[in-house]
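**Q**
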Amino acid sequence: MIDYRGKRVLLTGAASGIGRGLARAFAEQGASLELLDRNAEALAVVVAELAPLGEIHSAVVDLADSAAIAAFVAQRGERPLDVLINNAGVEYATPLAETGAEADAHWQALLDNNVASMLRLTRALQGQLKAGSSVINQASIWGLKGVPGFSAYVASKHAVIGLTRSLAWELGARRIRVNAVCPGWIGTEAAMRSLKVMAAANGRSESAELALILSAQAVPELLTPADLAGTFLFLGSPLATPITGQALSVSHGEVMN
1 MIDYRGKRVL LTGAASGIGR GLARAFAEQG ASLELLDRNA EALAVVVAEL APLGEIHSAV
61 VDLADSAAIA AFVAQRGERP LDVLINNAGV EYATPLAETG AEADAHWQAL LDNNVASMLR
121 LTRALQGQLK AGSSVINQAS IWGLKGVPGF SAYVASKHAV IGLTRSLAWE LGARRIRVNA
181 VCPGWIGTEA AMRSLKVMAA ANGRSESAEL ALILSAQAVP ELLTPADLAG TFLFLGSPLA
241 TPITGQALSV SHGEVMN
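Per full-length UniProt numbering, the sequence shown starts with residue 1, numbered consecutively.
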């Protein structure tokens, strides 16, 4: 699709779901990969799976830990990056009816995982980002709308888009582009857990809930991680040189902006 031979791509949240699919897509196009995740066992499986495709490096890093990020950056040295993909994040419900210290902690933890972690890593790696490089942040169509019962996740994805636009200005003078991708409904474990929660809250079966969701799309099908690959490959390439500060909806038409 797009030749990434000689290009170095760092991807977080690489051990499962969308991240795993993106890792394969970039490896298949010849990129040298640096894969990060906090799940050592799952990450090792992905590395073994992709090793025949080319150069694969990996590190187990908790992006909530600034010291761990600093140690990783020091260990990787000054190798320049062509593409940084901030994909790691979590998704769970935070209904307004839940109150107390535990509810507050869940809310704050989700924002830290989904937004602050992106800032921490991008800030730590900014010296390794080449002129003409690309930062791609994983957002969501829920960053473009409201959804009952998921206020922390929705707020985090709105924040990712705001962070993306601010960093596009801060890094633009160095010709570093920063964009966000906003996927729609994908058949990942995390999305299917959210579907189950939504179905229960709405008094519907999971199949009925899914049918209602898909009916709101111009193309009534679930996305797969592979469906997102082209968008990321494009944004990371010189073909997207004029594009920065954008939040691209990849949702089978559920959100058209």
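Virtual Cβ for every residue (Gly too), placed ideally from N, Cα, C.
Beta-carbon within less than 8 angstroms of R174's beta-carbon, same chain only, minus the 5 sequence neighbours each way: which residues are those?
**A** Along the sequence shown, one-based indexing puts residue 174 at 174. Counting only Cβ-Cβ distances below 8 angstroms, and skipping sequence neighbours, we find L129, A131.
**Q** CA-CA distance, G245 and R8?
**A** Along the sequence shown, one-based indexing puts residue 245 at 245. Along the sequence shown, one-based indexing puts residue 8 at 8. Computed Cα separation, rounded: 22 angstroms.
**Q** Do you know whose CA, among G13, M192, A71, Q29, lies nearest E41's CA?
**A** Taking the first residue of the sequence shown as position 1, residue 41 is located at position 41. Nearest option by C-alpha distance: G13.
**Q** Looking at C-alpha atoms only, which residue of A200, R79, L239, S249 is the closest neighbour of L223?
**A** Here the question's residue 223 lines up with position 223 in the sequence shown. Of A200, R79, L239, S249, the residue nearest in Cα terms is S249.
**Q** Quick check on I69: does DSSP put it in helix, strand or coil?
**A** Along the sequence shown, read from residue 1 onward, the residue named residue 69 stands at position 69. It is helical.
**Q** Beta-carbon within less than 7 angstroms of E28's beta-carbon, same chain only, minus the 5 sequence neighbours each way: which residues are those?
**A** Here residue 28 is taken as the residue at index 28 of the sequence shown, counted from 1. Excluding positions up to five away in sequence, the list reads L53.
**Q** In chain order, what residues of the same chain lie with their CB nearer than 7 angstroms to the CB of P95, ignoring the 5 residues before and after it?
**A** As a first step, residue 95 is located in the sequence shown; it is residue number 95 there, counting from the start. For P95, where only same-chain residues beyond five positions count, the Cβ hits under 7 angstroms are G149.
**Q** Between E254, G6, L235, which has its C-alpha nearest S215's C-alpha?
**A** Your numbering for residue 215 matches position 215 in the sequence shown. The option with the nearest alpha carbon to S215 is E254.
**Q** Going straight from the alpha carbon of E49 to that of T99, what length do you get?
**A** Taking the sequence shown and counting its residues from 1, one reaches residue 49 at position 49. Taking the sequence shown and counting its residues from 1, one reaches residue 99 at position 99. Approximately 43 angstroms, taken between the alpha carbons.
**Q** When you compare only the Cα positions, how much space is there between Q138 and S205?
**A** Residue mapping note: residue 138 aligns to position 138 of the sequence shown, counting from 1. Residue mapping note: residue 205 aligns to position 205 of the sequence shown, counting from 1. Cα to Cα, Q138 sits roughly 29 angstroms from S205.
**Q** Considering just the uninterrupted stretch of the beta strand (DSSP E) at V147, what are its terminal residues?
**A** For the purposes of this step, residue 147 is taken as the residue at position 147 of the sequence shown. Looking at the DSSP string, V147 is not in any beta strand (DSSP E), and its letter there is neither H nor E.
**Q** By DSSP, does N27 sit in helix, in strand, or in coil?
**A** Here residue 27 refers to the residue found at position 27 when the sequence shown is read from its first residue. For the sequence presented, residue 27 should be read as Ala rather than Asn. In this structure, A27 counts as helix in the three-state DSSP scheme.
**Q** Provide the residue span of the alpha helix (DSSP H) that contains N202, from first to last.
**A** The residue labelled residue 202 in the question sits at position 202 within the sequence shown. Looking at the DSSP string, the run of the alpha helix (DSSP H) that includes N202 is 189-202.
**Q** With 16 as the cutoff for other CB atoms within 10 Å, does G6 come out buried or exposed?
**A** Within the sequence shown, residue 6 is the residue found at index 6, counting from 1. Burial call: exposed.
**Q** Candidates A200, A124, K157, L171: which alpha carbon is nearest P183's?
**A** As a working mapping, residue 183 is identified with position 183 in the sequence shown. Nearest option by C-alpha distance: K157.
**Q** With respect to the alpha helix (DSSP H) encompassing S117, which residues constitute its N-terminal and C-terminal limits?
**A** For the purposes of this step, residue 117 is taken as residue 117 along the sequence shown, with counting starting at 1. Where S117 is concerned, the enclosing alpha helix (DSSP H) stretches over 117-125.
**Q** Figure out for me which residue from A103, E102, S134 has the closest Cα to the Cα of D82.
**A** If you number the sequence shown from 1, residue 82 lands on position 82. Answer by Cα proximity: S134.
**Q** Check whether the Cβ atoms of A125 and V73 lie closer than 8 angstroms to each other.
**A** Position 125 of the sequence shown holds residue 125. Position 73 of the sequence shown holds residue 73. It is Leu, not Ala, that sits at residue 125 in the sequence shown. The answer is yes: Cβ separation under 8 angstroms.
**Q** Less than 8 angstroms between the beta carbons of V46 and A31, yes or no?
**A** Taking the sequence shown and counting its residues from 1, one reaches residue 46 at position 46. Taking the sequence shown and counting its residues from 1, one reaches residue 31 at position 31. A31 sits away from V46, with the two beta carbons spaced by 8 angstroms or more.
**Q** Report yes if the CB atom of I2 is closer than 8 angstroms to the CB atom of L171, and no otherwise.
**A** Working through the sequence shown from its first residue, we reach residue 2 at position 2. Working through the sequence shown from its first residue, we reach residue 171 at position 171. Cβ distance not < 8 angstroms, so I2 and L171 don't count as in contact.
**Q** As a quick exercise: from A240, D227, A97, L235, pick the residue whose alpha carbon is nearest that of L252.
**A** Translated into the one-based positions of the sequence shown, residue 252 becomes position 252. Residue identity differs from the one stated: residue 252 is His in this sequence, not Leu. The candidate whose alpha carbon is nearest that of H252 is D227.
**Q** In this structure, what does DSSP give as the bridge partners for N86?
**A** Translated into positions along the sequence shown, residue 86 becomes position 86. N86 pairs with N137.
**Q** Work out the CA separation of H57 and A201 for me, nearest whole Å.
**A** As a first step, residue 201 is located in the sequence shown; it is residue number 201 there, counting from the start. As a first step, residue 57 is located in the sequence shown; it is residue number 57 there, counting from the start. Each residue's alpha carbon lies about 42 angstroms from the other.
**Q** What is the residue span of the beta strand (DSSP E) that T12 lies within?
**A** Walking along the sequence shown from the start, residue 12 turns up at place 12. 8-12 is the span of the beta strand (DSSP E), which, as asked, contains T12.
**Q** Between the Cα of V90 and those of L10, P242, S166, D37, spot the shortest distance and give me the residue it belongs to.
**A** Position 90 of the sequence shown, counted from the first residue, corresponds to residue 90. Of the listed residues, the one whose Cα sits closest to V90 is D37.
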